[in-house]
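Colleague:
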Amino acid sequence: MIKNLSIASLSHNQTLQHLNELGKTLQKLSSSNESLDELVKDKSQAVSEILGYGVDSEGFFTADFNEAAAIPKDFKIYAKDIENLLDSFSSSDLKAFSSVDITKSLKNIYNLFTQIAPKNNFTFYTKDDLASFPAAFIYDETNLNFIKGYDFKEWQGMGDYIAEKGTKLVILNETSKNDILFSHTTLDLSAYTNKKGDISKAGVFIALAYKLINSPFVEGETTTLGKINGLDKDISKKDLEGFSNFMNANKINFNSSTSSYSSGIDIIGLSLNLALSKEHNLSSQKDAAKFLQRYKELLNSNLSLDEFKDEYVKFKKEYEDFLQNFSKELKEKELSKIPNDDVNENKNDKPSFSPIQAESKNETYTYDDIAKNFFLSFLENERKKGNDVLELLQNLFRVDKGKVDLKA
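Heads up: the sequence shown is residues 1 to 408, going by the UniProt record's numbering.
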């Protein structure tokens, strides 16, 4: 309590002392009000609902959501961000989950967050706080615990890192600036940013949740793709290994250099077939599109691993029959594009990155040759459009951007 003072009766030093005490008291009152404002509001103050949980007048979830997700009351979560996160599961072209329990998922992610976040009692993180987050980290896929963190230079120096079995690498910061966290997040952090530019713990937490989509942290009903990727907690490691062994032995050979089955490689291969058929106006365009769509439907279905194996074997047989005619027509189209006078020219005279070409009259045309040339042409066209080709490659194949020289 501040006593009534007569400033005129005080000495200069006493006046300064009392003014200083008054300032501290006002600061405490202000901090107290700010602290109250940083807490989620009670469900009784909700003005609407999203996902069955209260939403206050500013668009943040009320306390009932935090309680369900087992996260602190000073984590004000913008409700629309959670809605958008769930929409990303359902709107994705390839789905690992048919339904998601968002509060259980956030509970898992919060347990990880507490292991990697800097420890302080403040609601907002400064740039220095953000710089103390790891640029990348490894976690255990079984117990979901943090194992080890790396700063930017460390993970850049890891090259073609291959995680140990049962672990996974997550990259948070892909720039050399320490204060930039989640450099490629699609999350709008404005709802979590104060006037100083600091970001709330809740904002960083939700950015992490966006980063961990389709990971073991997510709880829900898996699709066939989710089962294949090891996200179904009801499938044992033994059963998953047996499935992998079968698929490795029976995979479609889109690329002879890949020894193990990958649904991603299959999708890229099927997509490339469709792109090639359109580029060369092949009669098989519709069939190429049907095979791609059929494969996506298999991955997005709710088949068991055994059921998927049966369907995949059928798919492979039909696809390989299609590929024989497709490759033959593609080769004929390519050869028909080459003038007779040009066939005898030295292959070094050919322009780089033009649409798919023959390298020599004695060259034996294969589907792989044409596909590789087409892919190079595609990359060059993307570069001419101003798109980041290295980022595209990184997203497709997780290559090390620092080790790719497209000018070579």
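Idealized CB from N, CA, C, for every residue including glycine.
Keep in mind that this is a model prediction, so the values were computed, not measured.
Taking the alpha-carbon positions, what's the Lys168 to Tyr78 distance?
Modeller: Going by the C-alpha atoms only, they are around 29 Å apart.
Colleague: Between which two residues does the beta strand (DSSP E) containing Ile171 stretch?
Modeller: Its beta strand (DSSP E) spans residues Thr167 to Ile171.
Colleague: Measuring CA to CA, which of Ile71, Gly52, Ser304 and Thr62 is closest to Thr223?
Modeller: It is Ser304.
Colleague: Measuring only the C-alpha atoms, how far is Leu298 from Glu219?
Modeller: Rounded to the nearest angstrom, the two C-alpha atoms are 21 Å apart.
Colleague: Within 10 angstroms of its Cβ, does Ala70 collect 16 or more other Cβ (buried), or is it exposed?
Modeller: Answer is exposed; the Cβ neighbour count stays below 16.
Colleague: Based on Cα-Cα distance, which residue from Tyr125, Asn111 and Lys41 lies nearest to Glu58?
Modeller: For Glu58, the nearest C-alpha among the options comes from Lys41.
Colleague: Name the DSSP bridge partner or partners of Ala136?
Modeller: Note: Ala136 sits in a beta bridge opposite Tyr150 and Ile171.
Colleague: Can you tell me whether DSSP reads Lys284 as helix, strand or coil?
Modeller: It should be noted that the sequence gives Ser, not Lys, for residue 284. Here Ser284 sits in coil by DSSP.
Colleague: Leaving out five residues before and five after Lys195 in sequence, what residues of the same chain have Cβ atoms less than 7 Å from its Cβ?
Modeller: None.
Colleague: Helix or strand or just coil, what does DSSP make of Thr222?
Modeller: Looking at Thr222 - three-state DSSP - the assignment turns out to be strand.
Colleague: Measure the C-alpha to C-alpha separation of Phe89 and Asp129 and round it to an integer number of angstroms.
Modeller: Rounded to whole angstroms, Phe89 to Asp129 spans 31 Å at the Cα level.
Colleague: In angstroms, rounded to a whole number, what distance separates the CA positions of Lys238 and Gly157?
Modeller: Between Lys238 and Gly157, the C-alpha separation is close to 34 Å.
Colleague: State the DSSP-derived secondary structure class of Phe124, mapped to helix, strand or coil.
Modeller: In this structure, Phe124 counts as strand in the three-state DSSP scheme.
Colleague: Take the Cβ of Phe122 as the centre, count every other Cβ of all protein chains shown within 10 Å, and call the residue buried at 16 or more, exposed below.
Modeller: By the 10 Å Cβ count, Phe122 comes out exposed.
Colleague: Does the structure place the stretch 185-194 close enough to the stretch 131-145 that three or more beta carbon pairs sit under 8 Å?
Modeller: Contact fails: fewer than three Cβ-Cβ distances are below 8 Å.
Colleague: Using a Cβ-Cβ cut-off of 7 Å (strictly less than) and excluding sequence neighbours within five positions of Asn229, which residues of its own chain qualify?
Modeller: Contacts found: Ala96.
Colleague: For the beta strand (DSSP E) holding Gly54, just list the boundary residues, first then last.
Modeller: From DSSP, the beta strand (DSSP E) with Gly54 extends over Tyr53 to Val55.
Colleague: Following the continuous beta strand (DSSP E) through Glu49, name the residue where it begins and the one where it ends.
Modeller: Ser48 to Ile50 is the span of the beta strand (DSSP E), which, as asked, contains Glu49.
Colleague: Under the three-state reduction of DSSP, which class applies to Thr193: helix, strand or coil?
Modeller: Here Thr193 sits in strand by DSSP.
Colleague: In the DSSP assignment, what residue or residues form a beta bridge with Tyr78?
Modeller: Beta-bridge pairing links Tyr78 to Phe60.
Colleague: What residue range does the alpha helix (DSSP H) around Val313 cover?
Modeller: Looking at the DSSP string, the run of the alpha helix (DSSP H) that includes Val313 is Leu305 to Ser336.
Colleague: Under 6 Å Cβ to Cβ from Asp74, same chain only, skipping five residues before and after it: list those, please.
Modeller: Cβ within range, chain order: Glu38, Leu39 and Thr123.
Colleague: I need the DSSP call for Ser105, collapsed to helix, strand or coil.
Modeller: Ser105: helix per DSSP, three-state reduction.
Colleague: Since I believe Ser260 is in contact with Asn248 (beta carbons under 8 Å), could you give me their beta-carbon distance rounded to a whole number of angstroms?
Modeller: That belief holds up - the Cβ atoms of Asn248 and Ser260 are roughly 5 Å apart, short of 8 Å.
Colleague: Considering just the uninterrupted stretch of the alpha helix (DSSP H) at Phe243, what are its terminal residues?
Modeller: Taken as a continuous stretch (DSSP letters only), the alpha helix (DSSP H) holding Phe243 covers Lys237 to Asn250.
Colleague: For Asn250 and Ser283, what's the separation of their Cα atoms in angstroms?
Modeller: Each residue's Cα considered, the two are about 28 Å apart.
Colleague: Quick one, which of Ile267, Lys227 and Ile252 has its alpha-carbon nearest Gly242's?
Modeller: Minimum Cα distance to Gly242 is reached at Lys227.
Colleague: Could you tell me the distance, in whole angstroms, from the CA atom of Leu225 to the CA atom of Ser132?
Modeller: About 35 Å.
Colleague: So which of Ile147, Lys153 and Ala275 has the shortest CA-CA distance to Glu164?
Modeller: When each option's Cα is compared against that of Glu164, the closest is Ile147.
Colleague: Given Val47, which residues of its chain have a CB within under 6 Å of its CB, disregarding the five upstream and five downstream residues?
Modeller: Result list for Val47: Ser57, in chain order.
Colleague: Could you pull out every residue in the same chain whose Cβ sits closer than 7 Å to the Cβ of Ile116, ignoring the five residues on either side in sequence?
Modeller: Once the five neighbours on either side are set aside, the close Cβ partners of Ile116 are Phe133, Pro134, Phe137, Phe146 and Gly149.
Colleague: Please report the distance separating the alpha-carbon of Ser327 from that of Tyr319.
Modeller: Their backbone Cα atoms lie some 12 Å apart in a straight line.
Colleague: Do you know offhand how far Asn66's Cα is from Ser44's?
Modeller: Spanning the two alpha carbons is a distance of roughly 14 Å.
Colleague: May I have the straight-line CA-CA distance separating Val204 from Thr193, to the nearest angstrom?
Modeller: When rounded, the distance between both Cα atoms is 10 Å.
Colleague: Taking the Cβ atom as the reference point for each residue, do Asp198 and Thr114 lie within a distance shorter than 7 Å?
Modeller: Not closer than 7 Å, so no.
Colleague: What are the start and end residues of the beta strand (DSSP E) that includes Phe254?
Modeller: Where Phe254 is concerned, there is no enclosing beta strand (DSSP E), given that its DSSP letter is neither H nor E.
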